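The sequence shown lines up with residues 1 to 637 when you count with my numbering. Below is one structure, written out as C-alpha cells; comments come after it.
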Amino acid sequence: MASSSTKPISTPPFTTTISSSSQPSTRSSLLSFLRNTTPTPISLKLSHSRNSFLNSHPSSSRSLSIKNATKTTESAETSRVSKVGGQDADSQETKPTILVSEKLGEAGLELLRSFGDVDCSYDLSQEDLCKKIASCDALIVRSGTKVTRQVFEAAKGRLKVVGRAGVGIDNVDLQAATELGCLVVNAPTANTVAAAEHGIALLAAMTRNVAQADASMKAGKWQRNKYVGVSLVGKTLAVMGFGKVGSEVARRAKGLGMQVIAHDPYAPADRARAIGVELVSFDQAISTADFISLHMPLTPSTEKVFNDDTFAKVKTGVRIINVARGGVIDEDALVRALDSGKVAQAALDVFTEEPPPKDSKLVQHERVTVTPHLGASTKEAQEGVAIEIAEAVVGALQGELAATAVNAPMVPAEVLSELAPYVVLAEKLGRLAVQLVAGGSGIKSAKVVYRSSRDPDDLDTRLLRAMITKGIIEPISDSFINLVNADFTAKQKGLRISEERVVVDTSPEFPIHSIQVQLSDVDSKFGSGVSEGGDISIEGRVKYGKPHLTRVGSFSVDVSLEGNLILCRQVDQPGMIGQVGNILGEQNVNVSFMSVGRTVQRRKAIMAIGVDEEPNQETLKKIGEVQAIEEFVFLKL
Ligand SMILES: NC(=O)C1=CN([C@@H]2O[C@H](COP(=O)(O)OP(=O)(O)OC[C@H]3O[C@@H](n4cnc5c(N)ncnc54)[C@H](O)[C@@H]3O)[C@@H](O)[C@H]2O)C=CC1
Ligand SMILES: O=C(O)C(=O)COP(=O)(O)O
Numbered sequence: 001m002a003s004s005s006t007k008p009i010s011t012p013p014f015t016t017t018i019s020s021s022s023q024p025s026t027r028s029s030l031l032s033f034l035r036n037t038t039p040t041p042i043s044l045k046l047s048h049s050r051n052s053f054l055n056s057h058p059s060s061s062r063s064l065s066i067k068n069a070t071k072t073t074e075s076a077e078t079s080r081v082s083k084v085g086g087q088d089a090d091s092q093e094t095k096p097t098i099l100v101s102e103k104l105g106e107a108g109l110e111l112l113r114s115f116g117d118v119d120c121s122y123d124l125s126q127e128d129l130c131k132k133i134a135s136c137d138a139l140i141v142r143s144g145t146k147v148t149r150q151v152f153e154a155a156k157g158r159l160k161v162v163g164r165a166g167v168g169i170d171n172v173d174l175q176a177a178t179e180l181g182c183l184v185v186n187a188p189t190a191n192t193v194a195a196a197e198h199g200i201a202l203l204a205a206m207t208r209n210v211a212q213a214d215a216s217m218k219a220g221k222w223q224r225n226k227y228v229g230v231s232l233v234g235k236t237l238a239v240m241g242f243g244k245v246g247s248e249v250a251r252r253a254k255g256l257g258m259q260v261i262a263h264d265p266y267a268p269a270d271r272a273r274a275i276g277v278e279l280v281s282f283d284q285a286i287s288t289a290d291f292i293s294l295h296m297p298l299t300p301s302t303e304k305v306f307n308d309d310t311f312a313k314v315k316t317g318v319r320i321i322n323v324a325r326g327g328v329i330d331e332d333a334l335v336r337a338l339d340s341g342k343v344a345q346a347a348l349d350v351f352t353e354e355p356p357p358k359d360s361k362l363v364q365h366e367r368v369t370v371t372p373h374l375g376a377s378t379k380e381a382q383e384g385v386a387i388e389i390a391e392a393v394v395g396a397l398q399g400e401l402a403a404t405a406v407n408a409p410m411v412p413a414e415v416l417s418e419l420a421p422y423v424v425l426a427e428k429l430g431r432l433a434v435q436l437v438a439g440g441s442g443i444k445s446a447k448v449v450y451r452s453s454r455d456p457d458d459l460d461t462r463l464l465r466a467m468i469t470k471g472i473i474e475p476i477s478d479s480f481i482n483l484v485n486a487d488f489t490a491k492q493k494g495l496r497i498s499e500e501r502v503v504v505d506t507s508p509e510f511p512i513h514s515i516q517v518q519l520s521d522v523d524s525k526f527g528s529g530v531s532e533g534g535d536i537s538i539e540g541r542v543k544y545g546k547p548h549l550t551r552v553g554s555f556s557v558d559v560s561l562e563g564n565l566i567l568c569r570q571v572d573q574p575g576m577i578g579q580v581g582n583i584l585g586e587q588n589v590n591v592s593f594m595s596v597g598r599t600v601q602r603r604k605a606i607m608a609i610g611v612d613e614e615p616n617q618e619t620l621k622k623i624g625e626v627q628a629i630e631e632f633v634f635l636k637l
C-alpha cells in the first residue's frame with residue numbers, strides 16, 4: 001500500500017501528493033521508443049457507447065522489442081532462437097537474428113555477433129531473401145540488395161530494422177518500410193572521404209587516360225600520342241549536389257587549382273562560401289562547367305536529370321564524373337552525347353543497372369572510364385561503415401532511437417538526451433487522452449500545446465509530436481504502431497495533429513515547461529477530463545526527470561505517470577483516500593502515487609491514483625460503489 005511519505009515536489013494549489021515506489025528510469029523508457037505497448041482502456045461509470053475510432057479494437061501485441069517479436073513469430077527458425085510460445089518472454093534468453101546480405105567489415109560483424117545471431121548470406125535472390133526475412137529481426141545491406149515492398153511484406157512484421165551500410169538508400173523501399181513500421185537506418189558519414197577520393201581519382205584518371213593507356217600497354221603497345229590528356233588547373237568544375245561528398249570533392253578540386261561552382265537547391269550558401277565555392281543554378285552550373293561531378297542522391301526528382309535536353313545545354317567537350325548513382329543519368333542519352341562529341345569523356349562508378357549488361361555501350365565506350373561501384377570501397381571506409389551501421393542496428397533492436405534514422409524523426413544525441421523525459425511524457429499524455437474518449441464520435445483532431453521559455457527555433461518538437469501521435473493511435477488501432485509509422489497511420493485514419501507553442505516565463509534550463517494534449521469534438525467517458533473549452537484536456541510536466549500528470553480537464557493534480565492510473569471525481573470530503581486505498585489494498589493492488597486536486601474546498605475533487613497492478617473488475621466495481629465517487633476511469637499507461 002501507499003506509504004505516507006511525501007515526495008519533495010512543489011505541488012500546485014489545492015493538490016496533495018502522496019507517493020511511494022521506485023520509478024522507471026528514463027533510460028528504460030527510452031528503450032521503448034520503438035516498441036509497441038498495448039493498453040486496453042477500461043472504464044466503468046459514465047462509459048457510454050464507444051466511438052467508431054475507439055471501437056476499432058485493442059491493438060495487436062506486436063512490438064519492436066526483441067522479446068515480444070520472437071513471441072509472435074511462428075517460423076521454424078524463430079523457434080530455434082527461442083520457443084517462448086505464450087509464456088512470458090522476459091524470462092527467456094532470446095537473441096535477435098541479423099541477416100547480413102552483403103560483405104561487411106569485420107569490426108561491425110563482431111559487434112553484431114556479440115549481440116545476436118548473425119547470418120551472412122551473400123548474393124541471395126529476391127525469392128531467397130523473401131524466404132529468409134521472415135525469421136530475421138534485422139537486415140544489413142549495401143547497394144547490391146533490393147529491399148522491396150515484397151521483402152517487407154514477406155517479413156510478416158518481424159523485421160524491425162534495415163541497416164544500409166552506406167549512404168544511398170535508393171535500393172530500399174522507404175514507403176513500404178514506413179507503412180509497415182520498419183525502421184531504416186544508414187551509415188551516412190563513414191564513407192564520405194572514400195567516395196570523394198574516388199571522384200578525384202576518376203577525374204584525374206579520365207583526363208590523363210590512365211585506364212586506356214594501361215590497357216594499351218598491357219596489350220603490348222606504346223601509344224604516347226594517342227593518350228594526350230587535358231589539364232585540370234584553371235578549369236571549372238561544377239559539383240552537382242553539395243552535400244558531404246560533394247563538398248569534399250570541391251575542397252580537393254580547389255587544391256588542384258580548379259575553379260569550383262556548385263548546384264544544390266538545399267545547401268546553405270555560407271557552407272559553400274566557407275570553402276570558396278559559388279552556389280549557382282542548375283542551368284548555370286551545367287552550361288559553364290568544363291567538368292561536371294555528380295553527388296546528389298537518386299530520388300524521383302533527380303532520376304535522369306542528365307538527359308538529352310541537359311546534354312544539349314552543356315559546353316561542348318564537357319567531361320562528366322558520376323560517383324553518385326547511375327540512375328541520375330539517362331545512359332542512352334549519354335552514349336549519344338559521347339558519340340556526338342558534346343561530351344568528351346565520362347568517368348562512371350555507378351550504373352542504372354548493377355552490374356551493367358556485358359554489352360553495355362556505355363561501359364564499352366572508348367572515352368568512358370568505369371569502375372564497379374568502388375566509391376566506398378576502401379578498407380578504412382568499410383570498417384567505419386560497418387561499425388556505424390552495426391551500432392545503429394543494435395541500438396534500434398534495443399528499442400533506442402537511431403541518430404541516423406531515415407524514416408523516423410532524427411534527433412542529434414545531445415538534443416535527445418535533453419528531450420528524453422519529455423518524449424516519455426508525450427507518449428503517456430497521448431495515451432491517457434485517447435483513453436478518456438467515449439463513443440459516438442471519431443477522433444479527428446488533436447492539438448498539442450507546448451509551454452516553454454525557449455525560443456521556438458530552439459525547440460525541435462518533431463519527436464514529441466510523433467510520440468504523442470503514437471500514444472493516441474496505438475490504443476485505438478489494430479495495426480502495429482511505432483515511431484516510424486505513427487504519422488502515416490494518423491493520416492490514414494484522418495487524424496489531424498496541430499501544435500502550438502506558448503512562451504512562458506520559466507527557467508530556460510528546461511526545454512519544456514509543460515505539454516498539453518487536447519482532443520476536440522469528442523465525447524468523454526470521464527466528464528471531469530473535459531476543459532472549460534469543451535475539449536478532453538490532459539497536461540503534464542517533467543519533474544525531477546520523471547513524467548507527471550499535472551492537469552486533467554480543469555483540475556490540477558500531480559501524479560507520477562507510471563504503472564496505471566485511476567482517476568476519480570468525488571465530493572471533496574475527508575476519508576476518500578483511505579476508502580479507495582483500502583479497496584485497492586484488499587486486492588493487493590499497490591498504490592504508487594496519489595494526488596487530490598480540487599477547484600473549491602469541500603466541493604468537487606479529482607483523485608489521481610497511480611497503481612502498479614491492474615485492478616480486477618471486482619475491485620473497480622467496488623471503487624465505483626463508494627458513495628462520494630461520482631465518476632471514475634481506469635487508464636493504462
Ligand atoms: N559510389 C559510391 O560508392 C558512393 C556513392 N554515394 C552516393 O553519393 C550521394 C551523396 O552522398 P552524400 O554526399 O554523403 O549525401 P548528402 O546527403 O550529404 O548530400 C547529397 C546532397 O545532394 C543534394 N541534392 C538533393 N537533391 C538535389 C538536386 N536535385 N540537385 C542537386 N543537389 C541535390 C542535397 O541537398 C545534399 O546536399 C549518395 O546519395 C549516394 O548515392 C555515396 C557514397 C559512396
Ligand atoms: O554509400 C553509398 O551510397 C554507396 O554507394 C556505397 O555503396 P556500397 O556500400 O559500396 O555498395
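The C-beta atom is built at its ideal place from N, Cα and C for all residues, glycine as well. Predicted, not measured: the structure shown is a model, and the values here were computed from it.
GLU631: member of the beta strand (DSSP E) spanning 629 to 636, first to last residue. Per DSSP, GLN587 lies in no beta strand (DSSP E) segment and is marked neither H nor E. Residue state for PRO475 is assigned as helix, using DSSP reduced to three classes.
Within the chosen limit of 7 Å, ligand 1 does not reach the beta carbon of GLY399 with any heavy atom. For GLN345, the enclosing beta strand (DSSP E) covers residues 343 to 348.
Bounds of the alpha helix (DSSP H) holding SER340 are 331 to 340.
DSSP, read as helix, strand or coil, puts ASP283 in helix.
Excluding its 5 nearest sequence neighbours in each direction, VAL542 has C-beta neighbours in its own chain below 6 Å: PRO421, TYR422, LEU425, listed in chain order.
Secondary structure note for HIS263: its beta strand (DSSP E) is the uninterrupted segment 259 to 263.
The beta carbons of ALA267 and PHE242 sit closer together than 8 Å. The criterion of a C-beta distance shorter than 8 Å is not satisfied by ALA187 and ALA333. Relative to ligand 1, the nearest heavy atom lies less than 7 Å away from the CB of MET240. With fewer than 16 other beta carbons inside 10 angstroms of its own, ARG273 counts as exposed.
Around THR461, the same chain offers TYR450, GLU499 as residues with beta carbons nearer than 7 Å, after the five sequence neighbours per side are excluded. The region 521 to 538 makes no contact with the region 198 to 213; the number of CB pairs closer than 8 Å stays below 3.
Annotation for LEU109: the continuous alpha helix (DSSP H) segment containing it runs 106 to 113. Cβ neighbours of ARG465 within its own chain (closer than 7 Å, five residues either side excluded): VAL448, ILE497, GLU499. The three-state secondary structure of PHE488, taken from DSSP, is helix. GLY317 and LYS235 have their C-alpha atoms spaced approximately 12 Å apart.
Taking LYS132 as the centre and dropping the five residues before and after it, the same chain places the C-beta of LEU99, ASP119, SER121, LEU124 closer than 8 Å to its C-beta, in chain order. With respect to the 8 Å criterion, VAL530 and ALA608 are not classified as neighbours on the basis of their beta carbons. Linking GLY220 to TYR227 through their CA atoms gives a straight-line distance of about 15 Å. Closest in C-alpha terms to LEU459, from the list VAL411, THR302, LYS379, comes VAL411.
For LYS244, the enclosing alpha helix (DSSP H) covers residues 244 to 255.
Using a 10 angstroms sphere on the CB of ARG158, the tally of other CB atoms reaches 16 or more, which defines it as buried. Counting C-beta atoms within 10 angstroms of its own C-beta, GLY116 has 16 or more neighbours from the protein chains shown and is therefore classed as buried. Look at ASN482: its beta carbon is at least 7 Å from all of the heavy atoms in ligand 1. Within the same chain, ALA134 come within 7 Å of LYS156 by CB-CB distance, once the 5 residues on both sides are set aside.
Per the C-alpha coordinates, the member of ALA154, GLY534, ILE321 positioned closest to ALA289 is ILE321.
Under the three-state reduction of DSSP, ILE512 is assigned to coil, being neither helix nor strand. Annotation: the continuous alpha helix (DSSP H) that includes TYR422 extends over 413 to 435.
PHE593 and LYS470 have their alpha carbons spaced roughly 25 Å apart. By the CB criterion at 8 Å, SER417 and HIS513 fall outside the cutoff. Taking a contact to require three or more Cβ pairs closer than 8 Å, the region 237 to 252 and the region 293 to 301 qualify as touching. Inclusion of VAL172 and VAL147 in the CB contact set at 8 Å is warranted, their separation being smaller than that value.
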